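Peer 1:
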Amino acid sequence: MSATETTPPLDFIRQIIADDLQAGKNEGRLMTRFPPEPNGYLHIGHAKSICLNFGVAAEFGGLCNLRFDDTNPTKEEVEYVESIKADVRWLGFDWEERLYFASDYFEELYQYAIHLIKTGKAYVDDLSAEEIREYRGTLIEPGKDSPYRDRPVAENLDLFVRMRAGEFPDGARVLRAKIDMASPNINMRDPVLYRILHAEHHRTGDRWCIYPMYDYAHPISDAQEGITHSICTLEFEDHRPLYDWTLDNLPVPYRPYQYEFARLNLSYTVMSKRKLLQLVNEGFVQGWDDPRMPTLSGMRRRGYPPEAIRSFCEKIGVGRRENIVDLALLEYCVREDLNRRAPRVMAVLRPLKVVIENYPEGQVEELDAVNNPEDLGMGTRKVPFARELYIEREDFLEEPPKKFFRLAPGREVRLRYAYFIKCVGVVKDENGEVVELRCTYDPATKGGYAPDGRQVKATLHWVAAAQSLAAEVRLYERLFTKPAPGEEHGGDFKADLNPHSLEVLQNCRLEPSLAAARPGDFFQFERMGYFCVDKEAAVGAPVFNRTVTLRDPWAKMQQAGKK
RNA sequence: UGGGGGAUCGUCCAACGGCAGGACAGCAGACUCUGGAUCUGCCUAUCUAGGUUCGAAUCCUAGUCCCCCAGCCA
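For the first sequence, our numbering gives the first residue as 17, with consecutive numbering after it.
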């Protein structure tokens, strides 16, 4: 690293950590954790948290645990824990042997609850859920004490033990912290610590019928693991006093502190698990890994590289401001990464047949093509050229407008890595639709250069008709048409769904080198964008997903013209 | 009308009492066998009003606007 290279300024979380380390706090130790609830798939918002927690640990010589916050068996499933593990790994982070579950601490959590009861800081409440809500008061009115609030310790102990023993039905009683029913912070109005749930837990089975609440389990889990900096999102800020209360009233082995940052919002995207679940369940997308989803599995299938997502998370920064990041920044990061690494290849998405009239019938030439002009180390390959070719339909216009540089009657263009060709005829069907172009080529321009120095304004991609491979290509666009889906429809985000978010092309033609492509492989289809092989591709039946288009000034001009 | 947060280019992030800077987006140009990439230039911001100070985005006071909280969810 050169002396002039500027290191980006530390965000406020990193600043706090740097200061704590500097001050010698936590014996110079740094320990963070990523604590997902296994009740859904991870999305790009989680990636921000993962990059923060694992990133900060790596940067400052600390460690980051993966901990599943699995305290609500009614919503959690193993399918989700497996997908979450796969996604974190794919993103490029490693929790090594430090895989934990809040459910691993159920016994300790229970014993700590006994401690709170014995010290008079928790009580069993017989009020119903509705009654508890009524007693809680409102934002502007204090709550009032439950009639069970002053139960003797012995009775609380007895009841709590029997709650665990399964003597009571769901909802019959709860364990509550005894704090302050008049607190201006509603979270401190005797929050529920334990509820009765006769439900099968994905890890503990039916061993428990009482389950701890997040506010109680989380700080203790952090303490158990020796977490130094417990990083979460802003909406938990109001819970921090309860986090602190729990740790300060229990003989826990460690005293962690909570810090909050602003969650990520992305334009043209919804991010809440509820909404994503709805898109999946109601069939607006084809699953959690639908390439239009902002889930990590969707982005992976779409072809977004983990490097690009990490770079994005770095660029958006970490702050405490509500934010909506422009989707264009994510796409920029994807292009930036793929531009460096993706092999170039030629594929015609909407084929238009071209016959080179002066090219010998039956002749096939193998021409040299560069695999990646950004990285010559990636070598070259051969592409076949023949009398009958396909070019992109949109690369020909019978009546070209002013700024259109591509092929038109009488006009000469270059076929990439091949020859200059000139359009000498147009064949139409009975509907007047162009079905074939008659062209001539200039043999002297082999390789793409004219010895006489004449220039062409356009270079087109192409494939040799007989040698090309047929493929299905799926074109994706943003899932929503509005930057803030639902904003203009009273929150009904589905009203802003983009009807053109998926277009399936069946008769695409690929250069033959693509025969070897396997699911997950990615390419740049020259002039068209970045594409990857979908998991549904089979040998002989290739399926490609468009990851992202190239920057396309011409398309932009046309869009602007339409408006 | 309780409590907790937050307001800086269109967007995101910096500036930690001393020239408001970077990235994305947008616009214009150069270059180019991808209308790609690359390179140049331009555009645009401190919520308001007072105050402290030689000097304020930063400190103080008073407002305004936005977000979060009344799950036996996390």
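Built from N, CA and C at the ideal position, the CB exists for glycine as well. Every value quoted in this text rests on a predicted model; they were computed, and no experiment measured them.
Which term fits threonine 396, buried or exposed, when burial requires 16 or more other beta carbons within 10 angstroms of its beta carbon?
Peer 2: Residue mapping note: residue 396 aligns to position 380 of the first sequence, counting from 1. Exposed, since its Cβ has fewer than 16 Cβ neighbours within 10 Å.
Peer 1: Could you spell out where the beta strand (DSSP E) holding lysine 369 opens and where it closes?
Peer 2: For the purposes of this step, residue 369 is taken as residue 353 along the first sequence, with counting starting at 1. Residues 367-372.
Peer 1: Looking only at its own chain, which residues have a Cβ that is under 7 angstroms from the Cβ of aspartate 186, when we skip the five neighbours before and after it?
Peer 2: Within the first sequence, numbered from 1, the residue matching residue 186 stands at position 170. For aspartate 186, where only same-chain residues beyond five positions count, the Cβ hits under 7 angstroms are Ile212, Leu213, His214.
Peer 1: What did DSSP end up calling glutamate 146 once you bin it into helix, strand or coil?
Peer 2: The count along the first sequence starts at 1 and reaches residue 146 at position 130. Residue state, collapsed to three classes: helix.
Peer 1: Classify tyrosine 492 as helix, strand or coil using the three-state DSSP reduction.
Peer 2: To locate residue 492, count along the first sequence from 1; it is residue 476. Here tyrosine 492 sits in strand by DSSP.
Peer 1: How many Å lie between tyrosine 435 and glycine 335 at the Cα?
Peer 2: Along the first sequence, one-based indexing puts residue 435 at 419. Along the first sequence, one-based indexing puts residue 335 at 319. Between tyrosine 435 and glycine 335, the C-alpha separation is close to 54 angstroms.
Peer 1: Identify the continuous beta strand (DSSP E) that holds glycine 441 and give its terminal residues.
Peer 2: The residue you call residue 441 lines up with position 425 of the first sequence. Residues 436-444.
Peer 1: To the nearest angstrom, report how far apart tryptophan 111 and glutamate 298 are at their CA atoms.
Peer 2: By one-based count along the first sequence, residue 111 stands at place 95. By one-based count along the first sequence, residue 298 stands at place 282. Their backbone Cα atoms lie some 35 angstroms apart in a straight line.
Peer 1: Buried or exposed: aspartate 508, going by 16 or more other Cβ atoms within 10 Å of its Cβ?
Peer 2: As a position in the first sequence, residue 508 is number 492, starting the count at 1. Result: exposed.
Peer 1: Does the count of Cβ pairs from the region 328-346 and the region 381-398 closer than 8 angstroms reach three?
Peer 2: These segments do not touch.
Peer 1: So what's glycine 545 in DSSP terms, helix, strand or just coil?
Peer 2: Your numbering for residue 545 matches position 529 in the first sequence. Correct three-state label for glycine 545: strand.
Peer 1: For alanine 385, which of helix, strand or coil comes out of DSSP?
Peer 2: By one-based count along the first sequence, residue 385 stands at place 369. In this structure, alanine 385 counts as strand in the three-state DSSP scheme.
Peer 1: So what does proline 535 bridge to, in DSSP terms?
Peer 2: Counting from 1 along the first sequence, the entry for residue 535 is found at position 519. Per DSSP, none; premise fails for proline 535.
Peer 1: Do leucine 485 and valine 370 come within 8 angstroms of each other at the CB atom, strictly closer than that value?
Peer 2: By one-based count along the first sequence, residue 370 stands at place 354. By one-based count along the first sequence, residue 485 stands at place 469. No, the pair does not count as a contact, with Cβ atoms beyond the cut-off.
Peer 1: Let me make sure I understand the geometry here. Which of Leu368, Tyr546, Glu446, Gly556 has the alpha-carbon closest to that of tryptophan 478?
Peer 2: Position 462 of the first sequence holds residue 478. Cα-wise, what sits closest to tryptophan 478 is Leu368.
Peer 1: For proline 89, count the other beta carbons within 10 Å of its own beta carbon; 16 or more makes it buried, fewer makes it exposed. Which is it?
Peer 2: Taking the first residue of the first sequence as position 1, residue 89 is located at position 73. Classification for proline 89: buried.
Peer 1: Quick check: the region 357-364 against the region 532-550, are at least 3 beta-carbon pairs closer than 8 angstroms?
Peer 2: These segments touch.
Peer 1: To which residues does DSSP link methionine 47 through a beta bridge?
Peer 2: As a position in the first sequence, residue 47 is number 31, starting the count at 1. DSSP lists Leu79 as partners of methionine 47.
Peer 1: Per DSSP, what kind of secondary structure is asparagine 561 in: helix, strand or coil?
Peer 2: Taking the first residue of the first sequence as position 1, residue 561 is located at position 545. Asparagine 561: strand per DSSP, three-state reduction.
Peer 1: Just checking my contact of cysteine 439 with lysine 64 at CB under 8 angstroms: how many whole Å lie between their CB atoms?
Peer 2: Reading the first sequence from its first residue, position 423 is the one you call residue 439. Reading the first sequence from its first residue, position 48 is the one you call residue 64. Not quite, the Cβ-Cβ distance comes to about 51 angstroms (not below 8 angstroms), so this is no contact.
Peer 1: Just mark isoleucine 156 as buried or exposed, buried being the case when its beta carbon has 16 or more other beta carbons within 10 Å.
Peer 2: Here the question's residue 156 lines up with position 140 in the first sequence. So isoleucine 156 counts as exposed.
Peer 1: In this structure, does DSSP put glutamate 93 in helix, strand or coil?
Peer 2: For the purposes of this step, residue 93 is identified with residue 77 of the first sequence, where counting begins at 1. Correct three-state label for glutamate 93: coil.
Peer 1: Can you round the beta-carbon distance between tyrosine 244 and leucine 46 to whole angstroms, since I take them to be within the 8 angstroms contact cut?
Peer 2: Here residue 244 corresponds to residue number 228 of the first sequence, with the count starting at 1. Here residue 46 corresponds to residue number 30 of the first sequence, with the count starting at 1. The amino acid occupying residue 244 in the given sequence is threonine; tyrosine does not appear at that position. Rounded, the Cβ-Cβ distance is 6 angstroms, consistent with contact.
Peer 1: Is proline 417 buried or exposed, if buried means 16 or more other CB atoms sit within 10 Å of its CB?
Peer 2: For the purposes of this step, residue 417 is identified with residue 401 of the first sequence, where counting begins at 1. By the 10 Å Cβ count, proline 417 comes out exposed.
Peer 1: Considering isoleucine 226, what are the terminal residues of the beta strand (DSSP E) in which it resides?
Peer 2: Residue 226 sits at position 210 when you count from the first residue of the first sequence. Start and end: 226-228.
Peer 1: What whole-angstrom Cβ distance do aspartate 550 and proline 528 have, given they're in contact under 8 angstroms?
Peer 2: As a first step, residue 550 is located in the first sequence; it is residue number 534 there, counting from the start. As a first step, residue 528 is located in the first sequence; it is residue number 512 there, counting from the start. The Cβ separation is near 20 angstroms, so there is no contact.
Peer 1: Closer than 8 angstroms by C-beta to asparagine 265: which residues in its own chain qualify, once you throw out the five before and the five after it? Chain order, please.
Peer 2: Locating residue 265 in the first sequence gives position 249, where the first residue counts as 1. Leu132, Thr135, Lys137.
Peer 1: Taking the alpha carbon of leucine 107 as the point to measure from, which residue in Ser327, Val489, Lys419, Ala487 has its own alpha carbon closest?
Peer 2: In the first sequence, the residue the question calls residue 107 occupies position 91. Comparing Cα positions, the closest option is Ser327.
Peer 1: If you drop the 5 nearest sequence neighbours on each side, which residues of the same chain put their C-beta closer than 6 angstroms to that of glutamate 381?
Peer 2: Walking along the first sequence from the start, residue 381 turns up at place 365. Excluding sequence neighbours, glutamate 381 sits near Phe401.
Peer 1: In or out: arginine 318 buried (at least 16 other Cβ within 10 Å) or exposed?
Peer 2: As a position in the first sequence, residue 318 is number 302, starting the count at 1. The residue in question, arginine 318, is buried, as its Cβ has 16 or more Cβ neighbours within 10 Å.
Peer 1: What residue range is occupied by the uninterrupted alpha helix (DSSP H) comprising threonine 262?
Peer 2: As a working mapping, residue 262 is identified with position 246 in the first sequence. Here the alpha helix (DSSP H) through threonine 262 covers 256-264.
Peer 1: Tell me the residue span of the beta strand (DSSP E) that contains alanine 480.
Peer 2: Reading the first sequence from its first residue, position 464 is the one you call residue 480. 478-480 is the extent of the beta strand (DSSP E) around alanine 480.
Peer 1: The alpha helix (DSSP H) with aspartate 35 in it runs from where to where?
Peer 2: Sequence index remark: in the first sequence, residue 35 carries index 19 (1-based). From DSSP, the alpha helix (DSSP H) with aspartate 35 extends over 28-38.
Peer 1: Using only alpha-carbon positions, find the residue among Glu414, Pro376, Leu495 that is nearest to proline 459.
Peer 2: Residue numbering aside, residue 459 sits at position 443 when the first sequence is read from its first letter. Looking at the Cα atoms, Pro376 is the closest of the given residues.
Peer 1: Which whole-angstrom value is the C-beta distance of isoleucine 236 and tyrosine 121, which I expect to be below 8 angstroms?
Peer 2: Counted from its first residue, the first sequence places residue 236 at position 220. Counted from its first residue, the first sequence places residue 121 at position 105. Contact holds; Cβ gap of about 7 angstroms.
Peer 1: Should aspartate 353 go down as buried or exposed, given a rule of 16 or more other Cβ atoms within 10 Å for buried?
Peer 2: Counted from its first residue, the first sequence places residue 353 at position 337. Buried is the call here.
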